[in-house]
Each structure stands twice: as C-alpha cells, then as structure tokens.
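Engineer: Mind having a look at this structure? Questions to follow.
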Amino acid sequence: MEHRAESVTGGVTWRITTATAGVRLDKFLAAVDRLGSRSRVVTALDKGQVFLNEREITRSDAGSVLRPGDDVRLWRDRPGSASRRHHVAREAGDVVVLHDDAALLVVNKPAGLLSVPLERKAEAGSAYDHLETYLRSHGKLRPLVVHRIDRDTSGLVVFAKTRRAQEALKDQFRRHEVERVYLAVVYGCPDPSEGTWDDYLVWDTKALIQKETSANDPRANLAVSHYSVLEEYESTCLLEVQLETGKRNQIRLQARLRGHTLVGERRYVYGPESLRPVIFGRQALHAYRLSFRHPVDGEVLTFEAPVPADMEKLLARLRRSRP
19 MEHRAESVTG GVTWRITTAT AGVRLDKFLA AVDRLGSRSR VVTALDKGQV FLNEREITRS
79 DAGSVLRPGD DVRLWRDRPG SASRRHHVAR EAGDVVVLHD DAALLVVNKP AGLLSVPLER
139 KAEAGSAYDH LETYLRSHGK LRPLVVHRID RDTSGLVVFA KTRRAQEALK DQFRRHEVER
199 VYLAVVYGCP DPSEGTWDDY LVWDTKALIQ KETSANDPRA NLAVSHYSVL EEYESTCLLE
259 VQLETGKRNQ IRLQARLRGH TLVGERRYVY GPESLRPVIF GRQALHAYRL SFRHPVDGEV
319 LTFEAPVPAD MEKLLARLRR SRP
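Each residue of the sequence shown is one higher than the last, beginning at 19 in the numbering used here.
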C-alpha cells in the first residue's frame, strides 16, 4: 500500500512502494480510490495538476512506469500552468538542425517540445531525442546537454558532441559570455524604452515556480536582463531581451514583476483574465539569437532563428490593432 499525504494546497501526494511499483502513472491515478476514471485523469493532466517527483506531467508523459520511492502528486488547486490546454508536445522531428560540426550542434526548437527529456521521459518527445536519432543515423554518439529553454518557448539551443566541448560551452554560460537574445510580447510597455532588470530570485521546489526574494536570502540568485522596446501596439509591445544571467523562467517572472506579463503566460500572472485579453496559445517568448565562442578554435559563432509562424501571426494581428 502506497503512503498517502494530504496537502493544505488542495492536493494529495502518494509515495510509491514496491507493492504499487511497475504500474503506469495514468493507470495508477485512474484507480477507484484515486481519480476513478481515465477521463478524470486526462482532465487533471490538461489542467497541469499531475506531478511525478516534482515534475509536471502532460498526456504524452502519462505512460511513465512508477518505481519504488516515486512521489505522485495531484495538485487540485494549482495556479496557472502552461499545460492547461489540450496541447500535446510536437514530435521531435520538428527540430531544425542549424549547425553540425565535430564538437557541437545548434538547433531551432519549436514551442511545445522539451529541450531535454523528463527524468521519467516515457513517450515525451524532446529536442534531445531528435538529435539522438539524428546522430545515431550518422553513426555518432549521443548529444550532450549544455543548457535548455522552456517547453513553450521556441528558439535556439546548443548541444555538445564531446565532453570537452560540453565543459567549454558550459563554462561560457557560467561566465555569462554567451549572448542570448529573446523576443517577447508583453502587456503594457516599459518606461523607459530600454533598461536593465535586476532581481533576486529563488526557485520554489514545491510550487515549481521562480519567486522574488531579497539579497539577504541565502538561497537568492541574482537575475539580470537588458531590454529594449522594438514595437508598440494598442495594449502590448514587442521587446528584445538580452540575458546576462540565465535563471529558470527569468524573463517571464522579471516582466511580470514590473506589470508586463507576457502575452499567453499561464504561470507568472496576476489579476483577472480580463486584464490579459490577447489570446495566444503559449507564452510569447522566442530565443532568436545565440552567440558564443567555438569550444575548439575560439571562433565566434552567431545564429538567429526566424520568428515562428504562431508569433508572426500574433504580431500581424497586434500591428493591425494599432490606434
């Protein structure tokens, strides 16, 4: 019998024992003494209420086989999540390889696709999976992770092919030597039209979100972003944001802290939905420029990923609505 713990946040967590291990996650939740039906499990998945070992689970991940010690969490009252829609991650084959040499690969990842697999990846597709297949077809080794971007953020990701290249690239990220530039559509428009956001952030491992904290917090990490306004619309604007640091969900939270929630944002929001009238299926965030030194010869490589079709349509719609 698994251990069950009720939560004050309106949820329940089950600790998997040897007696319940070996069962698929969706079948575990569909049991009579849990959610009681497959349809209820699907609803919970679409609302972003199901977690396995503190990782949010979608329909494509629901076939994960449970192991002893796993924690299955049903969070009924969870605040907004990017998974709260009938959206299944795209097939890994949608990834476009922009650069391939003996040391590294650079890809353009579509929104809706993980950068790397979940810990219990099951059937979840990812850019990593695509590259693993791509390299195997060329008789080469597996890709090595250097960094990642959010599932619902589109754009550029670099992977290494050798351990030496991986460490050299990671070192550039740690030293803030990599140029990472994003395009973001936000509500309102920052004043002044260009500047710097700096905040102390801490990752909440229970809520799985980034939060603002003080410089005195021993867990605090400094997050720095440089922004400039590219276009202004009726109630929104297009920003170019260059990361100096690269904390998880950094741009999304920093924009929200200043009253400029990203269009399509589900997690870092405040106030009623009526304050966010523009309909868009994901956070309007695209990693469009990446520049770094090649880990072997030191040559500066710069890549740009075109604005994806969904954001192009959004921008066209916003431009038509200008007063």
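Don't be surprised by glycine CBs; every beta carbon is placed ideally from N, CA and C. Here the structure is a predicted model, which means the values were calculated and not measured.
Just tell me which of F191, Y218 and P295 has its CA closest to the CA of V163.
Structural biologist: When each option's Cα is compared against that of V163, the closest is F191.
Engineer: Might you give, ordered along the chain, the residues of its own chain that have their beta carbon closer than 6 Å to the beta carbon of V59, omitting 5 neighbours on each side?
Structural biologist: Closer than 6 Å at the Cβ level, and outside the excluded window around V59, lie D44, L47, A48 and L53.
Engineer: Alpha carbon to alpha carbon, how far is A39 from Y205? Give it in angstroms, no decimals.
Structural biologist: Distance between the alpha carbons of Y205 and A39 is about 46 Å.
Engineer: Cutting at 6 Å between CB atoms, please list the residues of its own chain near V259, excluding the five before and the five after it.
Structural biologist: So the list reads Y200, A202, S243, Y245 and I269, once near-sequence residues are dropped.
Engineer: Which first and last residues belong to the alpha helix (DSSP H) in which K45 is found?
Structural biologist: It spans L43 to L47 - the alpha helix (DSSP H) in which K45 sits, taken as one unbroken run.
Engineer: Along the chain, where does the alpha helix (DSSP H) that runs through H278 open and close?
Structural biologist: Run containing H278: none; DSSP gives neither H nor E here.
Engineer: Put H304 into one of helix, strand or coil per three-state DSSP.
Structural biologist: H304: strand per DSSP, three-state reduction.
Engineer: What first and last residue would you give for the beta strand (DSSP E) that runs through E322?
Structural biologist: V318 to E322 is the span of the beta strand (DSSP E), which, as asked, contains E322.
Engineer: Using 8 Å as the Cβ pair cut-off and three pairs as the minimum, do the region 115–124 and the region 172–183 touch?
Structural biologist: Flag = yes, the region 115–124 and the region 172–183 touch.
Engineer: Could you tell me if Y288 is buried or exposed, where buried requires 16 or more neighbouring beta carbons within 10 angstroms of its beta carbon?
Structural biologist: Under this definition Y288 is an exposed residue.
Engineer: Does the Cβ of I297 have 16 or more other Cβ atoms within 10 Å, making it buried, or fewer, making it exposed?
Structural biologist: That one is exposed.
Engineer: Around the C-beta of L248, are 16 or more other C-beta atoms found within 10 angstroms, so that it is buried, or is it exposed?
Structural biologist: Classification for L248: exposed.
Engineer: How would you write the range of the alpha helix (DSSP H) that F191 sits in, first residue to last?
Structural biologist: Where F191 is concerned, the enclosing alpha helix (DSSP H) stretches over R181 to R192.
Engineer: Secondary structure at R198, three-state DSSP: helix, strand or coil?
Structural biologist: Of the three classes helix, strand and coil, the one that applies to R198 here is strand, per DSSP.
Engineer: Distance check for V115 and D328, CA to CA, integer angstroms please.
Structural biologist: Spanning the two alpha carbons is a distance of roughly 20 Å.
Engineer: Can you tell me the Cα-Cα spacing of K229 and L271, whole angstroms?
Structural biologist: The straight-line gap from Cα to Cα measures roughly 8 Å.
Engineer: Can you check DSSP and say which residues form a bridge with I297?
Structural biologist: Note: I297 sits in no beta bridge, so no partner.
Engineer: I'd like to check one pair, P210 with R276: are the Cβ atoms closer than 8 Å?
Structural biologist: Not in contact: R276 and P210 (Cβ atoms no closer than 8 Å).
Engineer: Between the region 179–197 and the region 308–319, can you find at least three pairs of beta-carbon atoms closer than 8 Å?
Structural biologist: Output reads yes: the region 179–197 touches the region 308–319.
Engineer: Between I75 and L92, what straight-line distance do the alpha-carbon atoms span, to the nearest angstrom?
Structural biologist: Distance between the alpha carbons of I75 and L92: 10 Å.
Engineer: Are Y146 and P161 close, meaning C-beta to C-beta below 8 Å?
Structural biologist: The answer is yes: Cβ separation under 8 Å.
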